[in-house]
Structures are given as structure tokens and as C-alpha cells.
Amino acid sequence: MTRRTSSSTCCLGQATTPPRASVGFRGSRSVQSVRKAKGRSGCHPLVPWSRRRYWQITWRRNGTVGRLSQDFTAAREICAFDPIKGQIEEGLWPGTELAAQGDKALLEEIKDRVTTIFHPVGSIAMGAGGPLDGRCRVKGIRGFRVVDASVMPSIVSGNTNAAVNMIAEKASDMIIADARTGARTAVPS
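Numbered by my numbering, the letters in the sequence shown go through residues 10 to 198 in order.
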């Protein structure tokens, strides 16, 4: 079985300590597959990952390296101003030597570093024709709900954790309401 997930941001050059800066695409769509390991029950799912493949897909859908290299240049310029400049303890990526080599060198470096924000969503999205109803119930299975980021049809442009917390709060209210009214019937598939 293959499930599709989406992630809307391609982040590059993330720092590990504050202050942090990253450059990425917002609102883009990348698609990844998640598959069950054949003949191996109880095993982790198979999630193929390739930086180069991810970059190729993201490139086609979101623009050019020119835009991305301009964004990196702008981020570096912003970080050169006070008071941010005084807060930076680690060197910035890409370094000045790479920036001096031009867009082509930057593109190759970006291809080697591209990654996702690691907040996949949508593998069991709510919505018309989807496997869940509007109350997070799995259609055709009595007493089974899904309450996590996988119910989002697409990733939010803000904090994913905050959105998941809101989904969980709303779902808990629906679960309590359904328990009070006795609404435990299976949703038609």
C-alpha cells in the first residue's frame, strides 16, 4: 500500500543554535510515498528518500536556483546588520568563499544539502472522498479514529505542532460528545 504525504517547505542551511535562519519554499508541495514492508509484519514502513530526487521535484514545482540563491544572499545580508550580527556565534552557510564562486557552485551545494522540514502530513487526510469523516473517524471501522498531522489535507504555513494540538483538542471534544450521545456506529465506507 502506498500513502502519499506532503511537506510544504524545503529548508536549507538550518542552524542548530539560536538565532537561526533558513531559506526555503513556503506553500510548495512535494510528494513522498510510504509503503508497508512486504511480508514483514510489525516492521517499520519503507520511506524512500533521496536528496537529489527531492530537489529535482521541488525545482520543477517551485522555481529556479536564481530565486533560491537570491534568497540566500538576502539572508546573509540581513545577518550582517546589528543587532543580529552580534548574536551569531557560528559561521553562516554558505560561506563567503562559496558565494564568490557564483550560482552554479551554490546550486551544487544546495542539491547536496536540501532537506524537508520533516513534518509530513496528509497520509490519511480528512475530506470528501478521503478515508476519514469530519470527526476523525475511519470510514467503515467502528471505534477507530486518527488524530495527528496525517489528517491534514495539506501542511499549514505556520507551526505544524500548534495545528496538531488544535486538531487533538477538537477531536477530544468530539470523542467526549460522541461518548455522551452514544454515537459509536461505524461511518459508512
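Every residue, glycine too, gets a C-beta built ideally from N, C-alpha and C.
Item                                                                                                                                              : Value
With DSSP as the reference, label T190 as helix, strand or coil.                                                                                  : helix
In this structure, does DSSP put M183 in helix, strand or coil?                                                                                   : helix
Pull up the DSSP beta-bridge partners for R154, would you.                                                                                        : R146
Cβ atoms of R151 and I184: under 9 Å apart, would you say?                                                                                        : no
Can a CB atom of chain D be found closer than 9 Å to the CB of E118?                                                                              : Judged by its chain identifiers, the structure shown contains no chain D, having just a single protein chain.
Does the stretch 134-148 touch the stretch 165-175, meaning 3 or more C-beta pairs lie closer than 8 Å?                                           : no
Based on the DSSP output, what are the partners of L141 in its beta bridges?                                                                      : M135, V147
Within 10 Å of its beta-carbon, does T190 have 16 or more other beta-carbons around it, so buried, or fewer, so exposed?                          : exposed
Compare the C-alpha of A158 against each of A177, R85, H53 and name the closest.                                                                  : A177
The alpha helix (DSSP H) with Q96 in it runs from where to where?                                                                                 : 93-96
With DSSP collapsed to three states, give me the class of N170.                                                                                   : helix
By alpha-carbon positions, which one of G131, G167, I164, R144 ends up nearest to A188?                                                           : R144
Buried or exposed for H181, please, with buried defined as at least 16 other CB atoms from any protein chain shown within 10 angstroms of its CB. : The residue you asked about is not His; residue 181 is Ser in the sequence shown. Result: exposed.
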